[in-house]
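Quick note: the sequence shown uses my numbering, first residue 974, plus one each step.
We treat Cβ as the ideally placed atom computed from N, Cα and C, and that holds for glycine.
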Amino acid sequence: MPAVIESIETLLVDLPTIRPHKLSMTTMACQTLVIVRMRHSDGIEGLGEGTTIGGLSYGPESPESIKLHIDTYLAPLLIGEPSGAINHLRARLDSQARGNAIAKSALETALLDAQGKRLGVSVATLLGGSRHVHLPVLWTLASGDTRKDIDEAEQRLNDRRHCDFKLKIGANAVDEDVRHVAAIKAALGDRAGVRVDVNQAWDEATAVRGIAALQDAGVELIEQPIPARDHDGLVRLADRFRVPLLADEAVADARDGMTLATAGFSGAVALKIAKSAGPRGALALAEVARAAGHGLYGGTMLEGTIGTAASLHAWSTLGELRWGTEMFGPLLLRDDIVTTPLDYHEFGVDLPSGPGLGLALDEDKLAHYARPA
Ligand SMILES: O=C(O)C[C@H]1C=CC(=O)O1
Ligand SMILES: [Mn+2]
């Protein structure tokens, strides 16, 4: 008898961050993970994670809506269905529930984890096989204080933890942000790559001014300077400057990738399993982006270890990640809910080995940090 899905449990898990993390739209002191425990009739449990940033400040799904929508609408579409029929089950979710990409990503991850455990292979193997077992990982400097950011970068360079840094800007006036970025780049010099993420905070005219100054300061990549839906503006800015632009909020899935390519965008694309409704959708976007000549970047929604590992399994199957990855989410959190954390060293992280995601829950930690039902 092929296994069927028996139950799907969702838990809201609040983990404190190691320091306040300041983005253009919010400052985080805590990250809320939505953890999925999917139990199957053959005794296997698949783990998944759906995570966003700052409640509703980053996108239309909040941790609470992810949990509610899985419990009320999505889980009932999967219960009793064959566990290994992942293509069928994902099509079923997409045809009967609109949107909810993060919730679907958490469920797809749990399906892949369970199927990998069942077959005794990793999620990367299910996705065609890893081409890399150690992936580069940058660090985001977002304490809100220039001196603290420089000290943090120096520490991470010394520890051989990270050698590329992404600075979150856009919350302050452009001139102030440019001074902050230029001071950090000047302090680090050629020892580190420095990029910025504006998280949509500028209009096009402000972006022209800001990007010109950041290019002169030696910044190597400018992420999402203007609102997500302004594809034409992004194309104009990419054409205007030598420094490459990275599309993040502007591109969620393969369809967006095609729209951006058709509009004539030249630059790079941030892949995130949360944006593309799961690892498979993120890899579909990667194919479109690659065909369009866009550089690839392994992006994060600041997930904990489960979502980060799911992303790593997907990114490991790609030949080239021109801009590396930012899969540092677990390092921003004070604690973890898995027994063996990911191994970060030599400016990157190892792909976890073992069946499925290669992770096991620490039940005591999970019970400690899970929000009471
Ligand atoms: O890229 C984003 O917009 C979200 C995220 C990634 C790194 C970070 O600090 O925030
Ligand atoms: Mn971004």
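Query                                                                                                     : Result
Closest by C-alpha distance to residue 1073, when choosing among 1219, 1089 and 1048                      : 1048
Start-to-end residues for the alpha helix (DSSP H) that takes in residue 1271                             : Not the alpha helix (DSSP H): residue 1271 falls in the beta strand (DSSP E), residues 1268–1271.
Environment of residue 1068 [buried if 16+ CB atoms lie within 10 Å]                                      : exposed
Near ligand 2: residue 1229 beta-carbon under 7 angstroms from a heavy atom                               : no
Closer than 7 angstroms: residue 1319 CB and nearest ligand 2 heavy atom                                  : no
Minimum length 4: unbroken alpha helix (DSSP H) runs contained in the region 1056–1095                    : 1059–1069 and 1074–1092
Which listed residue (1005, 1122, 977 and 1262) has its alpha carbon closest to that of residue 1012      : 977
Residue 1268 versus residue 1238 - alpha carbon distance                                                  : 11 angstroms
Proximity to residue 1318 [Cα-Cα], best of 1031, 1042 and 1112                                            : 1112
Unbroken alpha helix (DSSP H) run spanning residue 1011, endpoints                                        : Not the alpha helix (DSSP H): residue 1011 falls in the beta strand (DSSP E), residues 1000–1013.
Buried or exposed (CB count within 10 angstroms, at least 16 for buried), residue 1163                    : exposed
Neighbour-count burial assignment, residue 1128, 16 or more Cβ in a 10 Å radius                           : exposed
Selected residue, minimal CA-CA separation from residue 1152, among 1008, 1303 and 1190                   : 1190
Residue 1131 burial status per 10 Å Cβ neighbour count (16 or more: buried)                               : exposed
Three-state class that DSSP yields for residue 1168 in the structure shown                                : strand
Residue environment, residue 1135, which counts as buried when at least 16 other CB atoms sit within 10 Å : buried
Where the beta strand (DSSP E) containing residue 1248 begins and where it ends                           : First-last for residue 1248: undefined, no H or E at that position.
Residue 1110 - DSSP class collapsed to helix/strand/coil                                                  : strand
By C-beta, the residues closer than 7 angstroms to any heavy atom of ligand 2, given in chain order       : 1170, 1172, 1196, 1197, 1221, 1222, 1243 and 1272
Spatially closest choice to residue 1193 from 1212, 1217 and 1209, by CA coordinates                      : 1217
N- and C-terminal bounds of the alpha helix (DSSP H) containing residue 1150                              : 1147–1161
8 angstroms Cβ cutoff met for residue 992 and residue 1116                                                : yes
For residue 1249 and residue 1100, the rounded distance between their alpha carbons                       : 15 angstroms
Closest by C-alpha distance to residue 1245, when choosing among 1016, 1023, 1008 and 1004                : 1023
Spatial distance of residue 1138 from residue 1124 (CA atoms)                                             : 12 angstroms
Member of 1337, 1279 and 1345 whose CA lies at the smallest distance from the CA of residue 1324          : 1279
Residue 1284 burial status per 10 Å Cβ neighbour count (16 or more: buried)                               : buried
Reference residue 1275; option with closest CA among 1002, 1056, 980 and 975                              : 1002
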